[in-house]
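Engineer: The structure's right below; bear with me while I get my questions together.
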Amino acid sequence: MDMSVLPIIVLLPLLLGTTLVLLLKQWSRGATALGAIAISLSSFILLVLQAPAIFNGQVLIQTWTWLPQLGLDFSFRLDSLALLFSLLISGIGTLIYIYAYYYLSPKNSLSKLYFLLMLFMAAMLGISLSNNLILLLTFWELTSISSFLLVGYWSNYEAAQRGSRMALTITGMGGLAMLGGFILLGQITGTYQIDVILTMKDQIQSHALFVPTLLLILLGAFTKSAQFPFHFWLPNAMAAPTPVSAYLHSATMVKAGLFLVARLLPIFAGAALFHNIVTFVGLFTLCMAAFFAIFKEDLKGLLAYSTISHLGLIMCLLGIGSPLAVAAAIFHIINHATFKAALFMIAGIIDHESGTRDLRKLSGLWQLLPFTATLTMITAASMAGVPLTNGFLSKEMFFTELLANLNGPVMVGAAIVATFAGIFAVAYSVRLVHGVFFDGPLGKNVPNKNAHEPAFGMRAPATLLAILCILVGLLPALLVQDIVNSTARASTQNFAFEGTHLAIWHGFNLPLLMSAIALVGGVIFYFALAKGGRLREIDLDPALGKLQGRVLFDLFLKSLMINTRRFRRATENGKLQSYLLWIVIFSVGLTAVPFISSGLSTGTRELTYAPPLAIVLWLLMFSACWMMLWFHHERIKAVLISGAVGLVVTMVFICFSAPDLALTQITVDVVTTVLLLMSLSLLPQLTPYESSLSRRWRDAIIAVLGGGGIAWVAWLVMTRDHNSISWFFAQQVIPLGGGTNVVNVILVDFRGFDTFGEITVLGIAAIGALCMMDGMRAHGTTITQGLTYRFNPSPLMLRITASWILPIALVISLYIFMRGHNLPGGGFIAGLITSLALVIQYIAIGQDKAEQLLGAKSGRLYEIWIGIGLLIAGLTGMGAWFWSRPFLTSAHIHVSPPLLGEMHLASAALFDVGVYITVVGATMLMISVLGDSRHSSMSGPVPRG
Numbered sequence: 001m002d003m004s005v006l007p008i009i010v011l012l013p014l015l016l017g018t019t020l021v022l023l024l025k026q027w028s029r030g031a032t033a034l035g036a037i038a039i040s041l042s043s044f045i046l047l048v049l050q051a052p053a054i055f056n057g058q059v060l061i062q063t064w065t066w067l068p069q070l071g072l073d074f075s076f077r078l079d080s081l082a083l084l085f086s087l088l089i090s091g092i093g094t095l096i097y098i099y100a101y102y103y104l105s106p107k108n109s110l111s112k113l114y115f116l117l118m119l120f121m122a123a124m125l126g127i128s129l130s131n132n133l134i135l136l137l138t139f140w141e142l143t144s145i146s147s148f149l150l151v152g153y154w155s156n157y158e159a160a161q162r163g164s165r166m167a168l169t170i171t172g173m174g175g176l177a178m179l180g181g182f183i184l185l186g187q188i189t190g191t192y193q194i195d196v197i198l199t200m201k202d203q204i205q206s207h208a209l210f211v212p213t214l215l216l217i218l219l220g221a222f223t224k225s226a227q228f229p230f231h232f233w234l235p236n237a238m239a240a241p242t243p244v245s246a247y248l249h250s251a252t253m254v255k256a257g258l259f260l261v262a263r264l265l266p267i268f269a270g271a272a273l274f275h276n277i278v279t280f281v282g283l284f285t286l287c288m289a290a291f292f293a294i295f296k297e298d299l300k301g302l303l304a305y306s307t308i309s310h311l312g313l314i315m316c317l318l319g320i321g322s323p324l325a326v327a328a329a330i331f332h333i334i335n336h337a338t339f340k341a342a343l344f345m346i347a348g349i350i351d352h353e354s355g356t357r358d359l360r361k362l363s364g365l366w367q368l369l370p371f372t373a374t375l376t377m378i379t380a381a382s383m384a385g386v387p388l389t390n391g392f393l394s395k396e397m398f399f400t401e402l403l404a405n406l407n408g409p410v411m412v413g414a415a416i417v418a419t420f421a422g423i424f425a426v427a428y429s430v431r432l433v434h435g436v437f438f439d440g441p442l443g444k445n446v447p448n449k450n451a452h453e454p455a456f457g458m459r460a461p462a463t464l465l466a467i468l469c470i471l472v473g474l475l476p477a478l479l480v481q482d483i484v485n486s487t488a489r490a491s492t493q494n495f496a497f498e499g500t501h502l503a504i505w506h507g508f509n510l511p512l513l514m515s516a517i518a519l520v521g522g523v524i525f526y527f528a529l530a531k532g533g534r535l536r537e538i539d540l541d542p543a544l545g546k547l548q549g550r551v552l553f554d555l556f557l558k559s560l561m562i563n564t565r566r567f568r569r570a571t572e573n574g575k576l577q578s579y580l581l582w583i584v585i586f587s588v589g590l591t592a593v594p595f596i597s598s599g600l601s602t603g604t605r606e607l608t609y610a611p612p613l614a615i616v617l618w619l620l621m622f623s624a625c626w627m628m629l630w631f632h633h634e635r636i637k638a639v640l641i642s643g644a645v646g647l648v649v650t651m652v653f654i655c656f657s658a659p660d661l662a663l664t665q666i667t668v669d670v671v672t673t674v675l676l677l678m679s680l681s682l683l684p685q686l687t688p689y690e691s692s693l694s695r696r697w698r699d700a701i702i703a704v705l706g707g708g709g710i711a712w713v714a715w716l717v718m719t720r721d722h723n724s725i726s727w728f729f730a731q732q733v734i735p736l737g738g739g740t741n742v743v744n745v746i747l748v749d750f751r752g753f754d755t756f757g758e759i760t761v762l763g764i765a766a767i768g769a770l771c772m773m774d775g776m777r778a779h780g781t782t783i784t785q786g787l788t789y790r791f792n793p794s795p796l797m798l799r800i801t802a803s804w805i806l807p808i809a810l811v812i813s814l815y816i817f818m819r820g821h822n823l824p825g826g827g828f829i830a831g832l833i834t835s836l837a838l839v840i841q842y843i844a845i846g847q848d849k850a851e852q853l854l855g856a857k858s859g860r861l862y863e864i865w866i867g868i869g870l871l872i873a874g875l876t877g878m879g880a881w882f883w884s885r886p887f888l889t890s891a892h893i894h895v896s897p898p899l900l901g902e903m904h905l906a907s908a909a910l911f912d913v914g915v916y917i918t919v920v921g922a923t924m925l926m927i928s929v930l931g932d933s934r935h936s937s938m939s940g941p942v943p944r945g
């Protein structure tokens with residue numbers, strides 16, 4: 001069997017599905033729907049083909065190594081638990097795509113909805129199939145992001161914005177906690193591979209970090225599956241389109257937390273803390289949410305709270321943790337997905353046809369929607385646990401396991417709570433049917449009194465699910481028993497478990513009595529509440545007041561925003577000196593922390609005498625720094641003096657035989673000086689003096705501590721022996737990199753990925769400068785009181801000199817570039833030299849004419865250069881993949897063309913071309929932006945120092 005099918009199942013919706021729906025939207029809505037349905041159905045069929053082997057106990061694992069040192073691998077695992085969840089995700093997803101086509105108005109973007117649903121489906125499939133905790137976490141967060149976008153699909157509605165933010169905040173914080181739990185679990189076990197972790201129960205539970213690990217992971221599961229006290233985000237997410245609610249909030253996303261608990265059950269089972277927390281949180285959520293569901297006026301609000309209640313039931317069973325309890329949980333997961341997805345679709349049909357889903361306005365719809373009413377009665381009966389439906393069977397199993405695994409007063413209390421939860425479930429189910437379709441004649445407040453049954457395609461998905469509710473209720477042993485037992489074995493890793501026997505009748509027993517009490521009591525309770533229309537007038541929100549989760553969440557956010565603004569006002573005062581003060585204090589403190597434990601004494605390394613040249617350079621550096629301190633209020637002088645400091649550093653590099661560093665330092669120093677001079681022209685030429693003598697002493701003390709601390713750290717490093725890895729690079733630069741310049745080979749080969757990241761950051765910084773300066777460009781000195789901001793045409797002598805400097809500089813750049821792999825040079829230095837030559841043209845002939853000659857209007861050319869450079873560098877790196885080598889692996893050959901003789905060619909040179917173009921583009925873009933004053937002038941107050 002081809003095990004590569006596992007990533008294909010995820011990649012089909014993630015890549016092909018999302019791309020296909022965007023392409024087909026140009027054709028028609030029908031084509032878009034067919035494409036989405038085909039992709040979802042393909043994943044479902046691929047899973048079905050694996051079902052016979054998997055449900056017979058086989059496990060498929062496919063792994064691609066990525067960063068094994070960190071435990072990060074693309075590893076997928078398909079066992080019965082993963083297969084069941086994946087079948088639910090793809091199967092119900094297919095029905096949702098069909099339903100959404102008919103539900104969504106042509107005025108709304110169907111391709112946008114399908115795109116986001118595809119993204120969500122891929123994320124959920126990734127969670128189910130992941131065999132690596134970090135990979136699972138990645139897909140977990142993708143579900144949070146995609147659900148945020150889906151809940152906020154109608155972004156012009158304030159309720160959708162609020163609900164999406166709330167869902168993202170709660171599940172995102174839970175995901176962050178879960179990340180901490182996964183990292184701790186990886187530290188305990190030494191691996192992130194789930195199949196390995198599941199075999200290490202004793203080691204995990206005996207570890208000192210087990211309790212925080214358990215609590216952090218449960219936080220992630222509880223927030224995702226809307227368990228108390230994190231349940232309130234789910235009802236507020238009902239602002240999403242009904243297909244989204246039917247998919248995310250009944251069958252898939254909210255069950256991700258349940259899946260996580262079921263997946264990690266083998267390592268948590270037996271720990272009393274786990275069983276106590278999960279069992280009683282689930283039991284409380286079950287009863288609490290069922291009670292609140294009765295009083296919800298919005299159909300989707302009622303279904304949302306009923307969903308929370310059923311999730312609590314399943315979580316309670318997983319908390320009990322026995323094989324039979326897990327089997328009951330698995331069975332109810334299947335049942336809940338069928339009847340709840342159908343009920344959400346039915347709620348959408350009622351809203352779609354009648355024009356409202358407010359229970360206070362709905363009544364008597366039976367005469368208009370008899371078929372929909374029949375579907376509602378079947379699925380609501382399953383939700384209430386009425387005999388001959390699938391929901392009745394799993395509810396009976398829940399009662400049985402609750403009584404069998406709890407003892408004494410705890411068992412009695414749990415049985416009472418569960419029975420009350422059953423009564424409430426029947427009550428809200430009866431209200432759903434009676435309040436909408438009966439309860440008198442057609443309501444006078446129904447917006448559309450000419451409602452009719454929807455198109456067959458809109459009814460078909462709910463009809464199929466309703467039929468399954470009956471068939472599974474009548475033939476459980478034939479249809480789902482083997483699946484439930486196989487999944488329970490996979491979840492508990494108890495392969496000796498004989499399984500449970502699913503049957504309609506188990507005789508007269510206490511669970512049957514509890515079910516009977518729930519059915520009769522629920523009907524009585526509902527009609528007692530509904531008598532005289534009182535139920536329509538009951539509103540629990542005022543009674544609960546600030547105890548509501550939504551209200552507490554809003555108060556928390558409000559308090560957070562208020563305190564954040566206070567902190568910002570206290571720290572963000574617009575003064576650069578203040579910002580630097582805190583940066584220096586934090587840096588000094590953070591640097592001192594590791595030395596407190598390791599000691600601050602001088603090392604034992606033998607010192608060498610300083611040669612006269614070193615003393616001279618030190619005196620020059622000291623003089624330059626002292627002049628910087630003396631003249632720092634005069635900004636232009638300060639910039640020039642900092643350039644002098646850079647020159648001294650360059651001479652130090654030369655003395656230490658580091659010509660590459662010296663070339664880089666001198667070119668960067670010149671370019672930086674130019675940029676600083678241009679930037680300072682936006683500001684007054686003088687920096688304001690310190691306000692008081694105490695502030696001067698404060699700054700002096702901090703400066704001494706900062707400078708002295710860095711000097712002492714450098715001294716400690718230089719006086720200690722260390723093991724250098726330079727010998728490795730010296731030995732391998734020729735055989736592996738094909739060059740003799742160690743520095744350059746390291747940059748473009750050994751550490752090429754880092755260099756690629758650095759030039760990417762450089763390009764981003766340049767484009768960021770372009771965006772930041774837009775609308776802030778100034779005209780000369782009238783506004784800024786600074787230097788002439790734009791380069792003006794210079795004297796004839798400079799223009800003539802610049803005309804021959806450019807070609808010479810370009811030749812030197814080419815020379816520096818070509819020699820870089822074996823001698824000092826390379827693309828970075830060559831790019832800076834070229835940039836300097838172009839800057840001279842700006843100075844000599846003016847920016848307008850220089851950019852006209854270059855064709856660089858408003859910096860657009862330089863943006864293109866940045867893109868081309870990054871593209872060349874990236875494609876060079878990816879080229880190694882065609883030879884099954886890691887990204888940016890260098891290749892080199894020797895050729896002997898006629899006339900030219902022997903030549904050494906390396907792919908790293910092409911990467912260096914990308915570096916060269918990116919450096920030139922980024923440098924020139926920043927200079928161009930700072931010098932451009934054509935588009936707009938400075939507005940607002942004059943910047944202060």
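For the record, in the sequence shown the residue sitting at position 757 is 757 according to UniProt numbering, with numbers rising by one throughout. Built from N, CA and C at the ideal position, the CB exists for glycine as well. Everything numeric in this text was worked out from a predicted model, so none of it was measured.
(1) With a CB to CB cut of under 6 Å and the five nearest residues on each side skipped, what residues in its chain are close to W697?
(2) Between the C-alpha atoms of L479 and T389, what's the straight-line distance to the nearest angstrom?
(3) According to DSSP, which residues form a beta bridge with A703?
(4) Out of curiosity, what's the CA-to-CA distance linking L502 and A329?
(5) What is the DSSP secondary structure of V436, counted as helix, strand or coil?
(6) For the beta strand (DSSP E) that contains T143, what are its first and last residues?
(7) Out of curiosity, what's the CA-to-CA distance linking A256 and S225?
(8) Of the choices T500, R360 and V48, whose alpha-carbon is the least far from that of L393?
(9) Can you tell which of I808, L23, I96 and Q367 has the C-alpha that lies nearest to the C-alpha of L41?
(10) Please report how far the alpha carbon of L787 lies from the alpha carbon of L677, in whole angstroms.
(11) Quick one: grab the DSSP three-state call for T18.
(12) What does DSSP give as the partner residues of S75 in its beta bridges?
(13) What did DSSP end up calling V281 once you bin it into helix, strand or coil?
(14) Would you kindly check if the distance between the Cβ of A844 and the Cβ of L798 is under 8 Å?
(15) Which of the three DSSP states, helix, strand or coil, is assigned to S130?
(16) Can you tell me whether Q665 is buried or exposed, with buried defined as 16 or more other CB within 10 angstroms of its CB?
(17) Measure from the alpha carbon of Q203 to the alpha carbon of each residue in G30, V196 and T189, then state which is nearest.
(18) Of the residues C771, L16, L72 and Q187, which one's Cα is nearest the Cα of Y114?
(19) Here's the rule I'm using: 16 or more other beta-carbon atoms within 10 Å means buried, otherwise exposed. How should I89 be labelled?
(20) Helix, strand or coil: how does DSSP classify V895 here?
(21) For the candidate residues R489, F887, F292 and G175, whose alpha-carbon lies nearest to that of A325?
(22) Cα separation between S578 and F586?
(23) Pick helix, strand or coil for E498, following the three-state DSSP scheme.
(24) Does the segment 861-879 come close enough to the segment 905-917 that 3 or more CB-CB pairs lie under 8 Å?
(25) So what does DSSP say about Q841, is it helix, strand or coil?
(26) Can you look up D554 in the DSSP assignment and give me helix, strand or coil?
(27) DSSP beta-bridge partners for A906?
(28) Roughly how many angstroms lie between the CA atoms of A906 and L216, to the nearest whole one?
(29) Can you tell me where the alpha helix (DSSP H) with S245 in it begins and where it stops?
(30) With distances taken Cα to Cα, identify the nearest neighbour of L686 among H632, K340 and R357.
(31) Which stretch, first to last residue, makes up the alpha helix (DSSP H) that contains Q203?
(32) Tell me the rounded alpha-carbon separation between D79 and L343.
(33) Just tell me which of Q50, L70 and I917 has its CA closest to the CA of I61.
(34) For the segment 66-83 and the segment 126-141, state whether three or more C-beta atom pairs, one from each stretch, are separated by less than 8 Å.
Structural biologist: Well, looking at it:
(1) Translated into the one-based positions of the sequence shown, residue 697 becomes position 697. There are no such residues.
(2) For the purposes of this step, residue 479 is taken as residue 479 along the sequence shown, with counting starting at 1. For the purposes of this step, residue 389 is taken as residue 389 along the sequence shown, with counting starting at 1. Taken atom to atom, the span from the alpha-carbon of L479 to that of T389 is near 13 Å.
(3) Translated into the one-based positions of the sequence shown, residue 703 becomes position 703. A703 is bridged by DSSP to nothing; it lacks a bridge partner.
(4) The residue given as residue 502 occupies position 502 in the sequence shown. The residue given as residue 329 occupies position 329 in the sequence shown. In this structure, the alpha-carbon of L502 lies about 13 Å from that of A329.
(5) Counting from 1 along the sequence shown, the entry for residue 436 is found at position 436. Looking at V436 - three-state DSSP - the assignment turns out to be helix.
(6) Locating residue 143 in the sequence shown gives position 143, counting from the first residue. Counting along the chain, no beta strand (DSSP E) covers T143; the unbroken alpha helix (DSSP H) around it starts and ends at L133 to V151.
(7) Taking the first residue of the sequence shown as 1, we reach residue 256 at position 256. Taking the first residue of the sequence shown as 1, we reach residue 225 at position 225. Taking C-alpha positions only, A256 is separated from S225 by approximately 7 Å.
(8) As a working note, residue 393 is residue 393 in the sequence shown. By alpha-carbon distance to L393, the top candidate from T500, R360 and V48 is T500.
(9) Sequence index remark: in the sequence shown, residue 41 carries index 41 (1-based). L41 has its Cα closest to that of I96, out of I808, L23, I96 and Q367.
(10) By 1-based counting over the sequence shown, the position of residue 787 is 787. By 1-based counting over the sequence shown, the position of residue 677 is 677. Note on L787: pLDDT 40, under 50, position unreliable in the model; the coordinate value appears next. Approximately 9 Å, taken between the alpha carbons.
(11) What you label residue 18 is simply residue 18 of the sequence shown in a count that begins at 1. Looking at T18 - three-state DSSP - the assignment turns out to be helix.
(12) Against the sequence shown, residue 75 aligns to sequence position 75. Its beta-bridge partners are T63.
(13) By 1-based counting over the sequence shown, the position of residue 281 is 281. The answer is helix: DSSP assigns V281 an H, G or I state.
(14) Reading the sequence shown from its first residue, position 798 is the one you call residue 798. Reading the sequence shown from its first residue, position 844 is the one you call residue 844. In this structure, A844 lies closer than 8 Å to L798 by Cβ.
(15) Looking up residue 130 in the sequence shown gives position 130. Residue state, collapsed to three classes: strand.
(16) Taking the sequence shown and counting its residues from 1, the one referred to as residue 665 is at position 665. Q665 is buried by the Cβ-count criterion.
(17) The count along the sequence shown starts at 1 and reaches residue 203 at position 203. In terms of Cα proximity to Q203, the closest of G30, V196 and T189 is T189.
(18) On the sequence shown, position 114 is the one that residue 114 refers to. The shortest C-alpha separation from Y114 is found at L16.
(19) Position 89 of the sequence shown, counted from the start, is the residue given in the question as residue 89. Result: buried.
(20) For the purposes of this step, residue 895 is identified with residue 895 of the sequence shown, where counting begins at 1. V895: strand per DSSP, three-state reduction.
(21) Locating residue 325 in the sequence shown gives position 325, where the first residue counts as 1. Ranked by Cα distance from A325, the first of R489, F887, F292 and G175 is R489.
(22) For the purposes of this step, residue 578 is taken as the residue at position 578 of the sequence shown. For the purposes of this step, residue 586 is taken as the residue at position 586 of the sequence shown. Distance between the alpha carbons of S578 and F586 is about 12 Å.
(23) On the sequence shown, residue 498 is found 498 positions in, with the first residue counted as 1. Coil.
(24) Contact between the segment 905-917 and the segment 861-879 is present: 3 or more CB-CB pairs across the two stretches fall below 8 Å.
(25) In the sequence shown, counting from the first residue as 1, residue 841 sits at position 841. If DSSP states are grouped into helix, strand and coil, Q841 belongs with the helices.
(26) For the purposes of this step, residue 554 is taken as the residue at position 554 of the sequence shown. In the displayed model, D554 falls within a helix according to three-state DSSP.
(27) The sequence position of residue 906 within the sequence shown is 906, counting from 1. Residue pairing from DSSP places A906 in a beta bridge opposite H892.
(28) Here residue 906 corresponds to residue number 906 of the sequence shown, with the count starting at 1. Here residue 216 corresponds to residue number 216 of the sequence shown, with the count starting at 1. Separation of A906 and L216 (C-alpha to C-alpha, rounded to the nearest whole angstrom) is 50 Å.
(29) Translated into the one-based positions of the sequence shown, residue 245 becomes position 245. It spans T242 to A246 - the alpha helix (DSSP H) in which S245 sits, taken as one unbroken run.
(30) Along the sequence shown, read from residue 1 onward, the residue named residue 686 stands at position 686. Selected option, being the one with the closest Cα: H632.
(31) The residue you call residue 203 lines up with position 203 of the sequence shown. Counting along the chain, the alpha helix (DSSP H) containing Q203 begins and ends at K201 to Q205.
(32) Sequence index remark: in the sequence shown, residue 79 carries index 79 (1-based). Sequence index remark: in the sequence shown, residue 343 carries index 343 (1-based). Cα to Cα, D79 sits roughly 30 Å from L343.
(33) Looking up residue 61 in the sequence shown gives position 61. The shortest C-alpha separation from I61 is found at Q50.
(34) Taking 8 Å as the limit for Cβ pairs, the verdict is that the segment 126-141 does touch the segment 66-83.
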